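Asks: To convert, count from 1 in the sequence shown and add 166; that's this note's numbering.
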Amino acid sequence: MRFFDFLIRIFIDQHTRERLSLQRIEPRGLPGIAHTVTGHFRHFTLYNPLALIAGITFFASIFFPWWYSVVYQHGYHIAAYAFILTHNLPAEGYEFIIETPKIAVVVLFLMLVGNLFLAFWGSTMEGTKGRIFVAVAGLFMLLYTGGFYLSLLYASSRVDVPVVGQVIIQHGVDVVVMMIFRKPYSVAIVSGAVCLLSSLFHGLLRIPLHTGKKG
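1) Quick one: give me the first and last residue of the beta strand (DSSP E) that Ile346 is part of.
2) Buried or exposed, going by whether 16 or more other CB atoms sit within 10 Å of the CB of Ile191?
3) Answer yes if the region 284-295 comes into contact with the region 313-331, meaning at least three C-beta pairs across the two stretches below 8 Å, and no otherwise.
4) Can you look up Ile178 in the DSSP assignment and give me helix, strand or coil?
5) Fully enclosed by the region 215-246, which beta strand (DSSP E) runs are 3 residues long or longer?
6) Please confirm whether His220 and Ser323 have their CB atoms less than 8 Å apart.
7) Select from Phe224, Phe170 and Thr211 the residue whose C-alpha is nearest the C-alpha of His201.
8) Between Val203, Tyr351 and Leu188, which lies nearest to Ile176 when the distance is taken from Cα to Cα?
9) What three-state label does DSSP hand Val121 in the structure shown?
10) Take Leu308 and list the residues in its own chain whose beta-carbon comes closer than 8 Å to its own, dropping the five residues that flank it on each side.
11) Ordered along the chain, which non-local residues of its own chain (more than five positions away) have a Cβ less than 8 Å from that of Lys380?
12) With Thr266 and Leu251 assumed to form a contact (beta carbons below 8 Å), what rounded beta-carbon distance in angstroms separates them?
13) Within this structure, are the beta carbons of Leu278 and Ala248 separated by less than 8 Å?
14) Pick from Ala245, Gly280, Leu255 and Phe367: whose alpha carbon is nearest that of Ser235?
15) Where Pro193 and Phe229 are concerned, what is the direct C-alpha to C-alpha distance, given to the nearest angstrom?
16) Please tell me whether Val300 and Asn214 are closer than 8 Å, where the distance is taken between their beta carbons.
17) Note down the Cα distance separating Ile222 from Ile269, rounded to an integer number of angstroms.
18) In angstroms with no decimal places, state the Cα-to-Cα distance between Asn281 and Ile335.
19) Can you look up Lys380 in the DSSP assignment and give me helix, strand or coil?
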């Protein structure tokens, strides 16, 4: 119950709080969650289109590899997504990778979904609270892309190869390996920057998405 009340305090908008106060309704528990959600959509308005577009674009980018490594001679590859690592290496190549634990995949994906929700909720919330949500969402995106780079840097240092570039690995024979960042990674960084900067202009462009009368 206290957890629900905590969520309500965070996500309820000012108009909903004032309307419930006039009706002498204290938003608590599951009913309070329902009031918070329905109140938010009561006069549904987009206050920050850029933040919403940036949030959706960032989330879409996670389904494409952010970083890619390919072994020229055999067509083997390693693809690093925002929340999981995939590859088709043979068993003798496992020493060159760090598998993503399943629990980490789930946790990271839920974090990314949560950030998309934060960008959506903030972009459709008026005032300072909406501005803060949008800024936090943008900051998260930038920190996440930075953490992704650091994790690659750590993994690469363990096998003494660069994060980006071409290297020859001695593994019985000379194996040529190339590592590159893919465009979705750049898209993710730009999306984070756009979302964060858009908080400075939050509310300047309002797009009503409701048809009812205000009241």
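The beta carbon of each residue, even a glycine, is placed where N, CA and C say it ideally should be.
No experiment lies behind these values; they were computed from the predicted model shown.
Replies: With the given structure in hand:
1) Val339 to Phe347
2) So Ile191 counts as exposed.
3) no
4) coil
5) 233-237 and 242-246
6) It is worth fixing the name first, because residue 220 is Ala in this sequence and not His. Against a cut-off of 8 Å, the Cβ pair of Ser323 and Ala220 comes out as no contact.
7) The shortest C-alpha separation from His201 is found at Phe170.
8) Val203
9) Because the chain here runs from 167 to 381, residue 121 falls outside it and cannot be looked at.
10) Result list for Leu308: Ile355, Gly358, Ala359 and Leu362, in chain order.
11) Here the model assigns Lys380 a pLDDT of 49, short of 50, so the residue's position is not dependable and the matter cannot be decided.
12) Indeed, because the Cβ distance is near 5 Å, the residues count as touching under 8 Å.
13) yes
14) Ala245
15) 37 Å
16) Going by C-beta atoms, Val300 is nearer than 8 Å to Asn214.
17) If you take the alpha carbons of Ile222 and Ile269, they lie about 24 Å apart.
18) 39 Å
19) The pLDDT assigned to Lys380 is 49, lower than 50, so where the model puts this residue is not dependable; a value taken from the coordinates is nonetheless given after this. Reduced to three states, the DSSP call for Lys380 is coil.
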